[in-house]
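Numbering (my numbering), first residue to last: 1 to 553.
Inspection log for the structure reproduced underneath, given as structure tokens.
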Amino acid sequence: MNQQIAPPVLAPLPRLPASPTLESSAEVVVIGSGAAGATAALGAARAGRDVLVVTKSGLGAGSTTWAQGGLAAVLDATDDSWDEHIADTLTAGAGLSDRTVVEQLVRQAPEAVQALIDLGAEFDRDLGGRLALAREGGHHRSRIVHAGGDATGAEVQRTLDGSLRAAGVVVRERSIALDVLHDDRGCVAGVLIAHVDNFGRIEDVALVRSSAVVVATGGLGQAYAVTTNPAQSTGDGLALAWRAGAAVADVEFVQFHPTAFWQPQSSGQQLLVSEAVRGEGATLIDGAGGSVMRGVHPLGDLAPRDVVATAIALRLREAPGGIGDHVFLDATSIGPAMVDRFPTIVARCRAAGIDPVTEPIPVAPAAHFACGGVRARLDGITSVPGLFAVGEVAATGVHGANRLASNGVTEGLVAGHMVAIALTKTLPESGPPVLGAASLAVVDAKVRTDVALAMSRWVGPLRDGDGLTAASAHVRAPRPSTSLTSLAEVEATNLLAVSELIVHAAQRREESRGSHRRLDCTEPRDEWRKRIVQRWDGSAVTTSYEPVGGAGL
Ligand code: SIN
């Protein structure tokens, strides 16, 4: 089933206002330096490839560093099995995960954790010296490896950053990839990279010639007014791959973390209160002390993330006096052990005036993870020859309609290794880049706040047809383009493009499934057990509805 629709506002792009001033080349350019990008870059460099890593701020500034819970992997075969991890992942994915890809992920996860330990990562251990395994929402077993209690991502990133440096991989910091260039046959031939000064101004634009570009830019949480994602998560890689003609899938499934620390009137990145806190016994209660999750799901407070976020959002709608804005996570049953197990969360809550050891933590759902993205195989291959996508930016079929907790960094590591192997094979030969195809119409940076408010209002954990129509009008409203002078304009442009893709898919999916919940069609529908795939061929956008596990990209 194919459908032609009007092109998104940003599809017809004028020429890039700035001409490239510097030219260089690399066999492989990796855009992004989180778990997925760093693993891919490291593996390719160790195999002898000449690799350039391009990163927007610096090493360690992306989402991986913020991951608290950990890495899901079957490491205790006496109490867990691949089949159970596969089953939990498929259940969380609500009928849209691709079983074959999930199996690949689960089987390779233990090896990926071991590879990180071999690089020097130090994970928490029990008194017997075995890896300490925690439980999170949607998991029937304790299988989450963690570090520093609730600082797992920081340890993963520290390990990979050190390894990249030790391997001598060239890293271009404070740089953003603007656009991928093709040769005259449509193969990737290079990438335009803007270098940004300390004030966020574009200093110069360089053309780096390469026939393999790996997009590993993470997520798009900043498309929303309230998110657990850092300021860097502006959907850059998804927007860039879309402009390059890559198929994009499942983008309506933006996962909302149920328990972001709530503070009045705050916006932007919020403190995550890990699901592992519920794994240790904390429960969700409303303002009157009633359980939020009682009777909602057999796993109660440890139900999959989409179920918990939806239950909270529904409870907030029912709050006396209209729409409430937070519930509470009561972790007082954990007692003083909370301080050792979750040191970051305790310190940050205390700094904000709440002591989780003795009082409930105010929490609310916040945009957390893009389950969809650039349609890719687990080894990163996309529909565009020479363009790879890995990590959160990729839609590999693992997460389906809702990612299982702590499968995110695991996927980044497993897929990162697979991309590295793919990059060691013969790379496509590309001809000279066609500069005429280079283009980026940027919008005024002020657009960003306006779009984020619209996305939070109408495209949040609970959606309906009228709200999505309003959101569509908002994100598709004509926006005058401006010349490229700053990083903020590029980010606003990318956020507008990804918001438009999300709204378009969310409008079409007339059912509730996983992290896409509609108040006007509250149940999943069998006929919607399909992936929504959007493509732009340079002149028109096509939307197709494709079976799970289909062979195409
Ligand atoms: C958490 O610690 O709750 C987040 C982990 C994840 O998003 O996988």
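In this text, a Cβ means the ideal position worked out from N, Cα and C, and glycines have one as well.
Chain-order list of residues whose beta-carbon lies under 7 Å from that of Ala437 (same chain, five-residue window excluded): Here the question's residue 437 lines up with position 437 in the sequence shown. For Ala437, the predicted model reports a pLDDT of 45, less than 50, meaning its position is unreliable; a value from the coordinates is still stated below. Cβ neighbours of Ala437 beyond the five flanking positions: Leu181, His182.
Every unbroken beta strand (DSSP E) within the stretch 75-142, with a cutoff of 3 residues, ordered by chain: The stretch 75-142 contains no complete beta strand (DSSP E) run of 3 or more residues.
At which residues does the alpha helix (DSSP H) containing Asp250 begin and terminate? Taking the sequence shown and counting its residues from 1, the one referred to as residue 250 is at position 250. No alpha helix (DSSP H) holds Asp250; DSSP gives it neither H nor E.
Rounded to the nearest angstrom, what separates Gln263 and Arg305 at their Cα positions? In the sequence shown, residue 263 corresponds to position 263, counting from 1. In the sequence shown, residue 305 corresponds to position 305, counting from 1. Rounded to the nearest angstrom, the two C-alpha atoms are 21 Å apart.
Any residue with its C-beta under 5 Å from a non-hydrogen atom of the ligand SIN counts. Can you list them all in chain order? This criterion selects Gln68, Gly69, Ser274, Glu275, Ala405, Ser406, Gly408.
Can you tell me the Cα-Cα spacing of Leu299 and Thr426, whole angstroms? The count along the sequence shown starts at 1 and reaches residue 299 at position 299. The count along the sequence shown starts at 1 and reaches residue 426 at position 426. The straight-line gap from Cα to Cα measures roughly 48 Å.
Among Gly386, Ala288, Gln104, Val54, which one has its Cα closest to the Cα of Val618? No information on residue 618 is available, as it lies outside the stretch 1 to 553 that the chain covers here.
From Ser333, Arg201, Val51, Ala415, residue whose alpha carbon lies closest to that of Arg107: One-based indexing of the sequence shown puts residue 107 at position 107. Nearest of Ser333, Arg201, Val51, Ala415 to Arg107, Cα basis: Ala415.
Using three-state DSSP, classify Gln222 as helix, strand or coil. Stepping through the sequence shown from its first residue, residue 222 is reached at position 222. Looking at Gln222 - three-state DSSP - the assignment turns out to be helix.
For Gly70, I'd like the list of residues in its chain whose CB is within less than 7 Å of its CB, leaving aside the five on either flank, ordered along the chain. Against the sequence shown, residue 70 aligns to sequence position 70. Result list for Gly70: Ala134, Ile144, Val145, His146, Thr152, Ser406, in chain order.
Candidates Glu173, Asp450, Gly386, of which the one nearest Gly431 by Cα: Along the sequence shown, one-based indexing puts residue 431 at 431. Answer by Cα proximity: Gly386.
Counting Cβ pairs closer than 8 Å, one from the stretch 157-177 and one from the stretch 467-481, do we hit at least three? With a cut-off of 8 Å, the stretch 467-481 and the stretch 157-177 do not count as touching, because too few Cβ pairs lie within range.
With H, G and I counted as helix, E and B as strand and the rest as coil, what does DSSP make of Leu423? As a position in the sequence shown, residue 423 is number 423, starting the count at 1. It is helical.
How would you label Leu178, buried or exposed, when you count the other beta carbons within 10 angstroms and need 16 or more for buried? For this step, residue 178 is matched to residue 178 along the sequence shown. Leu178 comes out buried.
May I ask you to report which of helix, strand or coil DSSP gives Cys187? For this step, residue 187 is matched to residue 187 along the sequence shown. In the structure shown, Cys187 sits in coil (DSSP, three-state: anything other than H, G, I, E or B).
Tell me whether Ala438 sits in a helix, a strand or coil according to DSSP, three-state version. For the purposes of this step, residue 438 is taken as the residue at position 438 of the sequence shown. Since pLDDT at Ala438 reaches only 46, below the 50 mark, its modelled position is unreliable, and the value read off the structure follows with that caveat. Three-state result, Ala438: coil.
Would you kindly report the start and end of the unbroken beta strand (DSSP E) that includes Glu203? Residue 203 sits at position 203 when you count from the first residue of the sequence shown. That run of the beta strand (DSSP E) goes 202-209.
Is the stretch 364-376 close to the stretch 205-214, with three or more CB pairs under 8 Å? In short, these stretches do not touch, since the Cβ pair count stays below three.
If distances are taken between C-alpha atoms only, which option among Ala394, Val251, Ser499, Phe199 comes closest to Gly37? For the purposes of this step, residue 37 is identified with residue 37 of the sequence shown, where counting begins at 1. Among Ala394, Val251, Ser499, Phe199, the Cα nearest to that of Gly37 belongs to Ala394.
Taking the C-alpha atoms as reference points, what is the distance between Leu404 and Ser512? Taking the sequence shown and counting its residues from 1, the one referred to as residue 404 is at position 404. Taking the sequence shown and counting its residues from 1, the one referred to as residue 512 is at position 512. Looking at the two C-alpha atoms, the distance is approximately 18 Å.
Span separating the alpha-carbon of Trp82 from that of Val102: Reading the sequence shown from its first residue, position 82 is the one you call residue 82. Reading the sequence shown from its first residue, position 102 is the one you call residue 102. Each residue's Cα considered, the two are about 10 Å apart.
Coarse secondary structure for Glu500, derived from DSSP in three states: Within the sequence shown, the letter at position 500 stands for residue 500. The DSSP-derived three-state label of Glu500 is helix.
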